[in-house]
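Visitor:
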Amino acid sequence: LAKTTQPPSMEAYEGQEVNVSCSHTNIATSEYIYWYRQVPHQGPQFIIQGYKDYVVNEVASLFISADRKLSTLSLPWVSLRDAAVYYCIVTASSGSWQLIFGSGTQLTVMP
Amino acid sequence: EAAVTQSPRNKVTVTGGNVTLSCRQTNSHNYMYWYRQDTGHGLRLIHYSYGAGNLQIGDVPDGYKATRTTQEDFFLLLELASPSQTSLYFCASSDGGSDYTFGSGTRLLVI
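So the sequence lines, in the order shown, correspond to chains A and B. For the first sequence, my numbering assigns the number 3 to the initial residue and increments by one for each residue that follows. For the second sequence, my numbering assigns the number 3 to the initial residue and increments by one for each residue that follows.
(1) With 16 other CB atoms within 10 Å as the buried threshold, where does Pro85/B fall?
(2) So if I threshold CB-CB distances at 7 Å, which residues from the region 78-92 of chain A count as touching chain B?
(3) So is His43/A buried or exposed if we call it buried at 16+ other beta carbons inside 10 Å?
(4) For Arg83/A, does the three-state DSSP call read helix, strand or coil?
(5) Please confirm whether Ala94/A and Val111/A have their CB atoms less than 9 Å apart.
(6) Chain A beta carbons: is any one of them nearer than 9 Å to that of Asp75/B?
(7) For the region 28-60 of chain B, list every residue whose C-beta sits within 9 Å of some C-beta in chain A, in sequence order.
(8) Ser106/B versus chain A: which residues are under 9 Å apart at the beta carbon?
(9) Along the chain, where does the beta strand (DSSP E) that runs through Asp55/A open and close?
(10) Need the endpoints of the beta strand (DSSP E) that Ala68/A sits in, please.
(11) Measure the beta-carbon distance from Gln87/B to Leu57/B and round it to whole angstroms, keeping in mind my assumption that it falls under 8 Å.
(12) Only counting the same chain, and skipping five residues up and downstream in sequence, which positions put a Cβ closer than 7 Å to that of Asp40/B?
(13) Candidates Leu64/A, Ala62/A, Ser67/A and Tyr53/A: which alpha carbon is nearest Glu33/A's?
(14) Starting from the C-beta of Ser105/A, find all residues in its chain whose C-beta is less than 7 Å away, skip the five residues before and the five after it, and write them out in chain order.
(15) Return the residue from the list Val21/B, Thr108/B, Val6/B and Asp61/B that minimises the CA-CA distance to Met79/B.
(16) Residues of chain B with CB closer than 9 Å to the CB of Ser11/A, please, in chain order.
(17) Please list, in chain order, the residues of the region 46-59 of chain A that have any C-beta partner in chain B closer than 9 Å.
(18) Residues in the same chain with beta-carbon distance under 7 Å from Gly18/B, minus the five sequence neighbours each way, listed in chain order, please.
(19) Using 8 Å as the Cβ pair cut-off and three pairs as the minimum, do the region 49-64 of chain B and the region 5-12 of chain B touch?
(20) Rounded to whole angstroms, what's the CA-CA distance from Val92/A to Ile102/A? Just pull it up for me.
(21) Kindly indicate the opening and closing residues of the beta strand (DSSP E) around Phe104/B.
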């Protein structure tokens, strides 16, 4: 399983766009990139997933570099509710499909 | 609404005590997981199961047993609880793909 590296923390003001980077230099061809977030007192929640290029949904967008070694989660117009720990996870979408969590990125949103 | 429900929400036990954490999912998922989360760490996988009667070992299984009695129910057993097992425990279910749902957690304190 590929390891991921994320910044431990980030800060932003409400209304700003936030970009959270994730390095996964050893990603295998069978592996996908998933982003989850966790707010206090709750379990992690799925945000977005991708394999290559660019993915967008109603919550966020995900850009994946051409060599797939770097991905960036983009959150437009963050609010106080977006304050959370954001986890980048790389795993093969087959078999037992285990999620292996790193330490994540703590996003602080300021009013 | 499909969900993962954990009980109890909070538990205090003494060292050497016997504890059972319960998890029920109504997602009709085959896979269920138990994670623990400690300060400074992401979630770490203890045990998982891909069906009733099945049990697989995760990354930090020592001191834990688990049992999957039905597709819906997955239990985590601490037969001789130790202070090192004080943690926040999360249960999750998945379809083996990207549909992964976490419970709200059980906070365990071993004194």
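Idealized CB from N, CA, C, for every residue including glycine.
Guide: Working from what's here:
(1) For this step, residue 85/B is matched to residue 83 along the second sequence. By the 16-neighbour rule on beta-carbons within 10 angstroms, Pro85/B is exposed.
(2) Near chain B, meaning a CB-to-CB distance below 7 Å, the residues of the region 78-92 of chain A are Tyr89.
(3) In the first sequence, residue 43/A corresponds to position 41, counting from 1. Exposed, by the Cβ-count rule.
(4) Walking along the first sequence from the start, residue 83/A turns up at place 81. DSSP places Arg83/A in helix when its eight states are reduced to three.
(5) Here residue 94/A refers to the residue found at position 92 of the first sequence. Here residue 111/A refers to the residue found at position 109 of the first sequence. No. Outside cutoff.
(6) One-based indexing of the second sequence puts residue 75/B at position 73. Not an interface residue.
(7) With the criterion set as a beta carbon lying under 9 Å from some beta carbon of chain A, the members of the region 28-60 of chain B are Tyr33, Tyr35, Tyr37, Gln39, Gly42, His43, Gly44, Leu45, Arg46, Leu47, Tyr50, Tyr52, Gln58 and Gly60, in sequence order.
(8) Against the second sequence, residue 106/B aligns to sequence position 104. Residues of chain A passing the Cβ test: His43, Gln44 and Gly45.
(9) Indexing the first sequence from 1 puts residue 55/A at position 53. For Asp55/A, the uninterrupted beta strand (DSSP E) segment begins and ends at Asp55 to Val58.
(10) Counted from its first residue, the first sequence places residue 68/A at position 66. Element bounds for Ala68/A: n/a, residue is neither H nor E.
(11) Position 85 of the second sequence, counting from 1, holds the residue named residue 87/B. Position 55 of the second sequence, counting from 1, holds the residue named residue 57/B. Contact flag wrong, Cβ pair sits at about 19 Å.
(12) Locating residue 40/B in the second sequence gives position 38, counting from the first residue. In the same chain as Asp40/B, and ignoring 5 residues on each side of it, the C-beta atoms closer than 7 Å to its own belong to Ser89, in chain order.
(13) By one-based count along the first sequence, residue 33/A stands at place 31. With distances taken between Cα atoms, Glu33/A lies closest to Tyr53/A.
(14) Numbered from 1 along the first sequence, position 103 holds the residue referred to as residue 105/A. The answer, listed in chain order, is Pro10.
(15) The residue given as residue 79/B occupies position 77 in the second sequence. Checking the sequence, you will find Leu at residue 79/B rather than Met. Residue Val21/B holds the alpha-carbon nearest to the alpha-carbon of Leu79/B among Val21/B, Thr108/B, Val6/B and Asp61/B.
(16) Here residue 11/A refers to the residue found at position 9 when the first sequence is read from its first residue. Simply none; closest approach about 13 Å.
(17) Going along the region 46-59 of chain A in chain order, one finds Pro46, Gln47, Phe48 and Gln51 with a Cβ nearer than 9 Å to chain B.
(18) Locating residue 18/B in the second sequence gives position 16, counting from the first residue. Within the same chain, Leu82 and Ala83 come within 7 Å of Gly18/B by CB-CB distance, once the 5 residues on both sides are set aside.
(19) In this structure the region 49-64 of chain B does not lie against the region 5-12 of chain B, because fewer than three pairs of beta carbons, one per stretch, are closer than 8 Å.
(20) Residue 92/A sits at position 90 when you count from the first residue of the first sequence. Residue 102/A sits at position 100 when you count from the first residue of the first sequence. In a straight line, the C-alpha of Val92/A is about 8 Å away from that of Ile102/A.
(21) The count along the second sequence starts at 1 and reaches residue 104/B at position 102. Residues Tyr102 to Phe104.
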